[in-house]
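For reference, the structure is listed below as structure tokens.
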């Protein structure tokens, strides 16, 4: 996915990684939909706001910092 497509779809987070075949057409609930497939790569090991470094399996930080 090139940068212009990322901007158009508002997928500008640098942590989002897309393969060459990122777009597919699928049937969902009797409708045809465009499916964008990618993965989120979190390189940070700490919360950027508070520095908390304990995360759960799915990558979310277990404390609530505002």
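In UniProt numbering, the protein residues as written are 1 to 66.
The beta carbon of each residue, even a glycine, is placed where N, CA and C say it ideally should be.
Do residue 24 and residue 12 count as a contact pair if the criterion is CB distance below 8 Å?
With a cutoff of 8 Å on beta-carbon distance, residue 12 and residue 24 are scored as not near each other.
6 Å CB neighbourhood of residue 35 in its chain, flanking five on each side removed
24, 26
Provide the residue(s) that pair with residue 31 in DSSP beta bridges, ordered along the chain.
28
Please check the pair residue 16 and residue 40, which I expect to be a contact at CB under 8 Å, by giving their CB distance rounded to whole angstroms.
6 Å
Sequence-distant residues of its chain with Cβ nearer than 8 Å to residue 19 (five each side left out)
Cβ neighbours of residue 19 within its own chain (closer than 8 Å, five residues either side excluded): 37, 38.
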